[in-house]
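Colleague: Input: one structure, supplied below.
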Amino acid sequence: MTGWYLRRAVPWATTLGCLAGTVMLIAAITEWSTLTGIGLTLIALLTGVAAGFAFDEAAVRVTSVTARGTRWAPLARLVVAVAVAIGGAGLVALAADEAVSDRSDWAVLALALGGGAALVAMAFGRRQVPRPGSGIAAAVVLLGLMPLVLSMLLELRSPYPVEAWTADLRTTWWSAGLLAWGGALMLALRGVPRRHVQP
Numbered sequence: 154m155t156g157w158y159l160r161r162a163v164p165w166a167t168t169l170g171c172l173a174g175t176v177m178l179i180a181a182i183t184e185w186s187t188l189t190g191i192g193l194t195l196i197a198l199l200t201g202v203a204a205g206f207a208f209d210e211a212a213v214r215v216t217s218v219t220a221r222g223t224r225w226a227p228l229a230r231l232v233v234a235v236a237v238a239i240g241g242a243g244l245v246a247l248a249a250d251e252a253v254s255d256r257s258d259w260a261v262l263a264l265a266l267g268g269g270a271a272l273v274a275m276a277f278g279r280r281q282v283p284r285p286g287s288g289i290a291a292a293v294v295l296l297g298l299m300p301l302v303l304s305m306l307l308e309l310r311s312p313y314p315v316e317a318w319t320a321d322l323r324t325t326w327w328s329a330g331l332l333a334w335g336g337a338l339m340l341a342l343r344g345v346p347r348r349h350v351q352p
């Protein structure tokens, strides 16, 4: 039943399209090493975007009031988001060069962004917003590129692990990722509160 639901409910073309974009970025990084910093950042951001798209539901107002729609459906989608985030983290770690930065830092960043996108998408789903993935994708990319651009213009240290993170930055991103995934899981387990109509 879960496989049947996920095959039809998750927008696989969009979700897997984001991961396909990361593969193209890896090819670009391999060919042109000068694109490593921006390329790895985009791969991590696309991982977050793909995790957000896993929660797109056109008929959320219908499914949220069904018995399975309160907990089972969000949990099933959360499993997909976790798998997508792990896949993206593996790809960005594969693309990262040990000589430039620590591979594990990029993997943590991708997982944290995936968890944040999943948490926001889950929150929108509880408010019965259909297909929040597009808005989340735009926000993740725009807000995610802003620190990179500012660090280039103002010659500040990038928050992204272009250089190996300090212990404080590593702890911050680990904490953010765990809190985001934990929050998404709590929202999935709570289910959508039902309104009882008095006769």
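Residue numbering for the sequence shown follows the numbering used here, starting at 154 and increasing by one per position.
For every residue, glycine included, the Cβ atom is placed at its ideal position computed from N, Cα and C.
Since W318 and D258 should fall inside the 8 Å C-beta cutoff, what is the C-beta to C-beta distance between them, to a whole number of angstroms?
Modeller: By 1-based counting over the sequence shown, the position of residue 318 is 165. By 1-based counting over the sequence shown, the position of residue 258 is 105. With 8 Å as the limit, W318 and D258 qualify as a contact, their Cβ atoms being about 5 Å apart.
Colleague: Between the C-alpha atoms of V245 and I196, what's the straight-line distance to the nearest angstrom?
Modeller: For this step, residue 245 is matched to residue 92 along the sequence shown. For this step, residue 196 is matched to residue 43 along the sequence shown. The straight-line gap from Cα to Cα measures roughly 6 Å.
Colleague: Only counting the same chain, and skipping five residues up and downstream in sequence, which positions put a Cβ closer than 6 Å to that of G174?
Modeller: Along the sequence shown, read from residue 1 onward, the residue named residue 174 stands at position 21. So the qualifying residues of the chain are L199.
Colleague: If contact is defined by three or more beta carbon pairs under 8 Å, each pair taking one atom from either stretch, is the stretch 261-277 in contact with the stretch 200-210?
Modeller: yes
Colleague: Find the nearest neighbour of R256 within the set L193, L340, C171, A341, judged by alpha-carbon distance.
Modeller: For the purposes of this step, residue 256 is taken as the residue at position 103 of the sequence shown. Among L193, L340, C171, A341, the Cα nearest to that of R256 belongs to L193.
Colleague: Give me the Cα-Cα distance between E308 and L178, rounded to the nearest whole angstrom.
Modeller: By 1-based counting over the sequence shown, the position of residue 308 is 155. By 1-based counting over the sequence shown, the position of residue 178 is 25. Computed Cα separation, rounded: 25 Å.
Colleague: Under a three-way DSSP split, which group does S257 fall into?
Modeller: Residue 257 sits at position 104 when you count from the first residue of the sequence shown. Three-state result, S257: helix.
Colleague: By the three-class DSSP mapping on this structure, what secondary structure does L188 have?
Modeller: As a working mapping, residue 188 is identified with position 35 in the sequence shown. Residue state, collapsed to three classes: helix.
Colleague: Between the alpha carbons of V273 and A204, how many angstroms are there, rounded?
Modeller: Counting from one through the sequence shown, the residue named residue 273 turns up at place 120. Counting from one through the sequence shown, the residue named residue 204 turns up at place 51. Cα to Cα, V273 sits roughly 10 Å from A204.
Colleague: Does DSSP put F206 in a helix, in a strand, or in coil?
Modeller: Taking the sequence shown and counting its residues from 1, one reaches residue 206 at position 53. Correct three-state label for F206: helix.
Colleague: Can you round the beta-carbon distance between V176 and A207 to whole angstroms, since I take them to be within the 8 Å contact cut?
Modeller: Translated into the one-based positions of the sequence shown, residue 176 becomes position 23. Translated into the one-based positions of the sequence shown, residue 207 becomes position 54. About 18 Å separates the two Cβ atoms, so there is no contact after all.
Colleague: By the 10 Å Cβ neighbour count, where 16 or more other Cβ atoms means buried, how is E184 classified, buried or exposed?
Modeller: Here the question's residue 184 lines up with position 31 in the sequence shown. Around the CB of E184, fewer than 16 other CB atoms lie within 10 Å, so the residue is classed as exposed.
Colleague: For the alpha helix (DSSP H) that contains D250, what are its first and last residues?
Modeller: Looking up residue 250 in the sequence shown gives position 97. Premise fails: D250 is in no alpha helix (DSSP H) and is neither H nor E.
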